[in-house]
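> Residue 0 is where the sequence shown starts when you use numbering that gives the first Met the number 0, and the numbers rise one by one after that. Quick reminder that beta carbons are idealized off the backbone N, C-alpha and C, glycines included. Note that the coordinates shown come from a computational prediction; the quantities given were computed from them, not determined experimentally. Got a structure for you, written out below as structure tokens; questions coming shortly.
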Amino acid sequence: MDHDQAFFALPQYLQRRIDSAYSSAVKHAHAANSHRDAGTLRSSSAEPPPKRRKTSINKWPADSGGHIIDDEIPITTGGGFIREVNEVNGNSTLQTTSEILPPWIPFSSIPTALQLLDLPPDDDQVLGIFRNAASGWDNRDRIDDNLEVTQADWRAVCTILLEPRSGAGDDSIEVENQMRPGDLEEDDEYVQDLSEADLDLQSDAGADSDDNYNPRPSSASKSKTKSSRRPARTELVGSMSGGQRRTRVSRLRSDGSDFDPSDAEEEGSSSGTGRLTSRQKATCIEAFGMFFPDAKDDLRQRRLMLSDIQRVTKLLGEKLKAEEMLEMLEVFSTAPDRSMGLQDFERMMIAAKLA
């Protein structure tokens, strides 16, 4: 069975989720590029315009002849577009066509697309597969910014990652058809219906309740772990789970190509930080708790201060300047003292593609 057959063998709701995440991530990337291009255009337009050369205007004598005015042609209809109409039993009906997905997605948008599928956006093994597929498997020296993943490769990898979740069969499809956005009930099998015009994640209602929170990983997270083993979470923030995300948080402000402070709100809204999934909540709380090993029941009331980050980075041997720590706290903190609570920490984790 080839990759296309494996993808189309999935339940239709999973096929829609995979394609919706692909399309939404591409649109988000194009919108971000347009925003950057507009900023570049505004900066270039600040330069004074070039001086125009003076041109002489010929003055016609008063007794000079005129010209013949053409008869005005009345405009009866405005311009527009041609609609394709099908004649069915004498009735005109508009023909609708399905949206054509772009043939590729930037590799830099893969973490965003994985977040929309409630998959870990920083799994080194998964990202390595996408990177190898984008570079052609033989050329691994290309820069990630120039890599592109085809839709076929995206579908093939996601089919492997999400295939264990499709065991519910027809029951899952029936449940998905009966649900409406905002009416999702708590369930271990996370069923998500992505809207093409919205990047927000639709999570179960129980995932938002602090009282009902259970740090035990969901069954969906367990099945994901079986397909690609994630490194143990024994390190903090800049080196959580090791691998390529070791310096991602520490460079949120030092590397402008990785994160722009003005995009903090956009990153938060596009990844659905207001409605975290059970997996994302478990990841964020586990990472937040590593800063407070002595905290038990009052973890949600703790505030992450500069001294906490300095203490942890020193233990891990990370080289992070105090200036960079303050800048990171300033971007994500909503408190006057620049400290981060759990909600601020979750927003940072999502924006940094760490959850």
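#1: Please report the distance separating the alpha-carbon of I109 from that of A24.
#2: Grab me the residues of S20's own chain with a C-beta within less than 7 Å of its C-beta, minus the 5 sequence neighbours each way, in chain order.
#3: With burial defined as no fewer than 16 other Cβ atoms inside 10 Å of the residue's Cβ, what is the status of D276: buried or exposed?
#4: Do F331 and C283 come within 8 Å of each other at the CB atom, strictly closer than that value?
#5: Could you compute how far the alpha carbon of A350 sits from the alpha carbon of N131?
#6: Taking DSSP as the reference, what is the three-state secondary structure of T333?
#7: What is the DSSP secondary structure of L113, reduced to helix, strand or coil?
#8: Going by the DSSP bridge assignment, what does P105 pair with across the sheet?
#9: On the DSSP bridge assignment, give the partners of L9 in chain order.
#10: Alpha carbon to alpha carbon, how far is F7 from K313? Give it in angstroms, no decimals.
#11: Could you tell me which of W103, L146, D152, C157 sits nearest to P120, measuring between CA atoms?
#12: How far does the alpha helix (DSSP H) with D122 in it extend, from its first residue to its last?
#13: Would you mind stating whether S338 and M289 have Cβ atoms separated by less than 8 Å?
#14: Rounding to the nearest angstrom, what Cα-Cα distance links I159 and A321 in this structure?
#15: Is L353 helix, strand or coil by DSSP?
#16: In whole angstroms, what is the alpha-carbon distance linking Q124 and F106?
If we stick to the structure as given:
#1: 8 Å
#2: In the sequence as presented, Ser is not what sits at residue 20; that position holds Ala. Result list for A20: A112, L115, L116, L193, in chain order.
#3: One point to set straight first is that residue 276 is Thr, not Asp, in the sequence displayed. Answer is buried; the Cβ neighbour count reaches 16.
#4: no
#5: 25 Å
#6: coil
#7: helix
#8: E147
#9: According to DSSP, which records beta bridges pairwise, L9 is partnered with nothing at all.
#10: 50 Å
#11: C157
#12: Careful: D122 lies outside any alpha helix (DSSP H) and carries neither H nor E.
#13: no
#14: 42 Å
#15: coil
#16: 14 Å
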